[in-house]
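In what follows, a single structure is set out as structure tokens and then discussed.
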Amino acid sequence: MALFYYINDPKTESLLQSKTIQRSTPLIILVFALAILLSSHSTVSAQEEAPVIAIAIHGGAGTISKQRLTPELEKAYIDTLESALNAGYALLRNGEDGTAAVISAITILEDSPLFNAGIGAVYTYQGEHELDASIMHGQSRKAGAVAGVTSIKNPIIAAQAVIDHSDHVMLSGAGAEEFAHQQGIEKVDNSIFNTQRRLESLQRAKERIDQNLSLHKDALGSDMRFGTVGAVVLDAKGNIVAGTSTGGMTAKRFGRIGDSPIIGAGTFADNESCGVSATGHGEYFIKYNVAADICARMKYQGVTLEQASNMVINRVLKEAGGDGGIVAVDNNGNVSMPFNTPGMYRASIDASGNKTIAIFK
Ligand code: ASP
């Protein structure tokens, strides 16, 4: 402040310039030299220390109605996405394994009634909830999945237990539950997944089905299965991990399983290319092997993550009539989140630290 005043005093300005600066020249040079030394040192150590990490999460894609999305509801979605994103990212920044980051982000979304996974899962035709989840590790290609489980609060944890404590990749139904409970995963009553909003969706769906409309996307509409959740990360060791968790489709019958627990369709990770978690009309994602196809295109066609994921979601899948989207991270920490529906709940932080939280295009 004093110096500023001094310099702005016209009488002393020229004196200052000629005498003060001359006298303090050696000191200024010394300070500059020290600053350059320190900043180059900290740049080197920042480069050495700052790991390349990235995270992308989603909370489902579909025809999100702007009218029904009140400002309060929109804020609730954004806040929940952000806390899941931040939880995963904080673990990555601490150098934790990508598995921990994916599980931490997904369990936050599973525990929120806003999303179609865990609490808030859609209802089956019989009025219950059957949950699917999977997780895959890009370094080892280890993968675990549970399908059609009814008494596991956080199916993503059970999917990881399949990797850690079994020789299998996918367990289903009562067997998956028995396995999970043997591993100490808490058994819950199916009614804990109940929500009024999903019950109303079931009632609307059943009316349409009972008018002889099949369990088909035109009959049920994408509003019947909003909110599948997923996360993909690149951790500080360069490992890609992807996971997905869902309640599937409203009014599903006959033990229907979607793409979410199917490795290659709803979830895929390969350290040499990318990791993907999908959301949308599962039958199409299975038929077009969507998650694995995106990574294969990167690997064998040499295209970028953005090009590969856009080609699959906005060309191949769209032309086939399959609606939905994906979030993906490649081994350089690039993020891609295309969708061919009006909206997709999504959030990401890429390798450069760019943060995105969005719902519509
Ligand atoms: N893909 C999920 C399924 O078909 C649903 C969704 O992502 O909305 O089970």
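Residue numbers (my numbering): 1 to 361.
Beta carbons: idealized from backbone N, C-alpha and C, even for Gly.
**Report entry** As assigned by DSSP and simplified to three states, the class of residue 125
**Finding:** The residue you call residue 125 lines up with position 125 of the sequence shown. In the structure shown, residue 125 sits in coil (DSSP, three-state: anything other than H, G, I, E or B).
Query raised in the report: With distances taken between CB atoms, is the gap from residue 57 to residue 105 smaller than 9 Å?
Result: The residue given as residue 57 occupies position 57 in the sequence shown. The residue given as residue 105 occupies position 105 in the sequence shown. In contact: residue 57 and residue 105 (Cβ atoms closer than 9 Å).
Report task. Please classify residue 83: does DSSP put it in a helix, a strand, or coil? Result -> As a position in the sequence shown, residue 83 is number 83, starting the count at 1. Helix.
Query raised in the report: Under the three-state reduction of DSSP, which class applies to residue 181: helix, strand or coil?
Result: In the sequence shown, counting from the first residue as 1, residue 181 sits at position 181. Residue state, collapsed to three classes: helix.
Query raised in the report: Taking 8 Å as the line, does the beta carbon of residue 116 fall inside it for any heavy atom of the ligand ASP?
Result: Here residue 116 is taken as the residue at index 116 of the sequence shown, counted from 1. Yes.
Report task. Find out if the Cβ-Cβ distance for the pair residue 329, residue 54 is shorter than 9 Å. Result -> By 1-based counting over the sequence shown, the position of residue 329 is 329. By 1-based counting over the sequence shown, the position of residue 54 is 54. Against a cut-off of 9 Å, the Cβ pair of residue 54 and residue 329 comes out as a contact.
Report task. Mind listing, in chain order, the continuous alpha helix (DSSP H) runs of no fewer than 4 residues lying wholly within the segment 139 to 169? Result -> 155 to 165
Requested in this report: Check residue 102 in the structure and name its three-state DSSP category.
Outcome: Along the sequence shown, read from residue 1 onward, the residue named residue 102 stands at position 102. Correct three-state label for residue 102: helix.
Query raised in the report: Based on the DSSP secondary-structure assignment, which residues constitute the bridge partners of residue 136?
Result: Mapped onto the sequence shown, residue 136 falls at position 136. In the DSSP output, where bridge partners are listed per residue, residue 136 has 143, 242.
**Report entry** Distance, residue 226 Cα to residue 115 Cα
**Finding:** Position 115 of the sequence shown, counted from the start, is the residue given in the question as residue 115. Position 226 of the sequence shown, counted from the start, is the residue given in the question as residue 226. Approximately 7 Å between the Cα atoms of the pair.
Requested in this report: Using the Cα positions of residue 257 and residue 61, report the straight-line distance between them to the nearest angstrom.
Outcome: As a first step, residue 257 must be located in the sequence shown, where it is residue number 257. As a first step, residue 61 must be located in the sequence shown, where it is residue number 61. Looking at the two C-alpha atoms, the distance is approximately 18 Å.
Query raised in the report: Quick one: is the Cβ of residue 281 within less than 8 Å of any heavy atom of the ligand ASP?
Result: Taking the sequence shown and counting its residues from 1, the one referred to as residue 281 is at position 281. At least one heavy atom of the ligand ASP is nearer than 8 Å to the Cβ of residue 281, so yes.
Requested in this report: Could you check how far apart the C-beta atoms of residue 98 and residue 239 are, in whole angstroms? I think they sit under 8 Å.
Outcome: Looking up residue 98 in the sequence shown gives position 98. Looking up residue 239 in the sequence shown gives position 239. That pair is a contact at about 5 Å.
Report task. Check whether the Cβ of residue 260 lies closer than 8 Å to any heavy atom of the ligand ASP, and answer yes or no. Result -> Here residue 260 corresponds to residue number 260 of the sequence shown, with the count starting at 1. Correct: residue 260 has its Cβ closer than 8 Å to the ligand ASP.
Query raised in the report: Based on the DSSP output, what are the partners of residue 234 in its beta bridges?
Result: For this step, residue 234 is matched to residue 234 along the sequence shown. Note: residue 234 sits in a beta bridge opposite 54, 240.
Query - In DSSP terms, what residue 329 is bridged to - result: Locating residue 329 in the sequence shown gives position 329, where the first residue counts as 1. According to DSSP, which records beta bridges pairwise, residue 329 is partnered with 275, 335.
Query raised in the report: What are the boundary residues of the beta strand (DSSP E) that residue 348 is part of?
Result: To locate residue 348, count along the sequence shown from 1; it is residue 348. Segment 343 to 349, the beta strand (DSSP E) holding residue 348.
Requested in this report: Decide if residue 112 is buried, meaning its Cβ has at least 16 other Cβ atoms within 10 Å, or exposed.
Outcome: Reading the sequence shown from its first residue, position 112 is the one you call residue 112. It is buried - the Cβ of residue 112 has at least 16 other Cβ atoms within 10 Å.
Requested in this report: Keeping to the same chain, check which residues put their C-beta closer than 7 Å to that of residue 42; ignore five residues upstream and five downstream.
Outcome: Position 42 of the sequence shown holds residue 42. The predicted position of residue 42 is uncertain, since its pLDDT is 48 and thus under 50; a value taken from the coordinates is nonetheless stated next. Counting only Cβ-Cβ distances below 7 Å, and skipping sequence neighbours, we find nothing.
Query raised in the report: Between residue 248 and the ligand ASP, is the CB less than 8 Å from at least one heavy atom?
Result: Within the sequence shown, numbered from 1, the residue matching residue 248 stands at position 248. Because some heavy atom of the ligand ASP lies under 8 Å away, the Cβ of residue 248 counts as near it: yes.
Query - residue 282, DSSP secondary structure in three states - result: Reading the sequence shown from its first residue, position 282 is the one you call residue 282. If DSSP states are grouped into helix, strand and coil, residue 282 belongs with the helices.
Report task. May I ask you to check if the CB of residue 360 is nearer than 8 Å to at least one heavy atom of the ligand ASP? Result -> Taking the first residue of the sequence shown as 1, we reach residue 360 at position 360. No.
Query raised in the report: When you compare only the Cα positions, how much space is there between residue 162 and residue 255?
Result: Locating residue 162 in the sequence shown gives position 162, counting from the first residue. Locating residue 255 in the sequence shown gives position 255, counting from the first residue. C-alpha separation (whole angstroms): 20 Å.
Report task. Would you grab the beta carbon distance between residue 228 and residue 156 for me? Rounded to a whole angstrom, and I think it's under 8 Å. Result -> Sequence index remark: in the sequence shown, residue 228 carries index 228 (1-based). Sequence index remark: in the sequence shown, residue 156 carries index 156 (1-based). So it is not a contact: roughly 12 Å between Cβ atoms.
Query raised in the report: Can you give the Cα-Cα distance for residue 278 and residue 211, rounded to whole angstroms?
Result: In the sequence shown, counting from the first residue as 1, residue 278 sits at position 278. In the sequence shown, counting from the first residue as 1, residue 211 sits at position 211. If you take the alpha carbons of residue 278 and residue 211, they lie about 31 Å apart.
Query - residue 350, buried or exposed, once every other Cβ within 10 Å from all chains shown has been counted against 16 - result: As a working mapping, residue 350 is identified with position 350 in the sequence shown. Residue 350 should be labelled buried.
Query - Contacting residues, own chain, Cβ-Cβ under 7 Å from residue 285 (five flanking each side not counted) - result: Taking the first residue of the sequence shown as position 1, residue 285 is located at position 285. Around residue 285: 259, 265, 266, 278, 322, 324.
Query - Which of helix, strand or coil DSSP assigns to residue 303 - result: Residue 303 sits at position 303 when you count from the first residue of the sequence shown. If DSSP states are grouped into helix, strand and coil, residue 303 belongs with coil.
Query - For residue 358, three-class secondary structure by DSSP - result: The residue given as residue 358 occupies position 358 in the sequence shown. Of the three classes helix, strand and coil, the one that applies to residue 358 here is strand, per DSSP.
**Report entry** Beta-ladder partner(s) of residue 229, from DSSP
**Finding:** The residue labelled residue 229 in the question sits at position 229 within the sequence shown. For residue 229, which the question treats as bridged, DSSP gives the partners 245.
Query raised in the report: Of the residues 164, 165, 70, 188, which one's Cα is nearest the Cα of residue 149?
Result: The residue you call residue 149 lines up with position 149 of the sequence shown. That would be 188, whose Cα lies nearest to the Cα of residue 149.
Query raised in the report: What first and last residue would you give for the beta strand (DSSP E) that runs through residue 117?
Result: The residue given as residue 117 occupies position 117 in the sequence shown. Taken as a continuous stretch (DSSP letters only), residue 117 belongs to no beta strand (DSSP E), as it is neither H nor E.
Query raised in the report: Whose C-alpha, out of 75, 194, 51, is nearest the C-alpha of residue 359?
Result: Within the sequence shown, numbered from 1, the residue matching residue 359 stands at position 359. Checking every option, the nearest Cα to that of residue 359 belongs to 75.
Query raised in the report: Of the residues 59, 320, 294, 207, which one's Cα is nearest the Cα of residue 121?
Result: To locate residue 121, count along the sequence shown from 1; it is residue 121. Among 59, 320, 294, 207, the Cα nearest to that of residue 121 belongs to 59.
Query raised in the report: What number of angstroms, rounded off, separates the C-alpha of residue 169 from the C-alpha of residue 129?
Result: Position 169 of the sequence shown holds residue 169. Position 129 of the sequence shown holds residue 129. Answer to the nearest angstrom: the Cα atoms are 22 Å apart.
**Report entry** Closest by C-alpha distance to residue 200, when choosing among 123, 348, 353, 300
**Finding:** Along the sequence shown, read from residue 1 onward, the residue named residue 200 stands at position 200. Nearest C-alpha to residue 200: 123.
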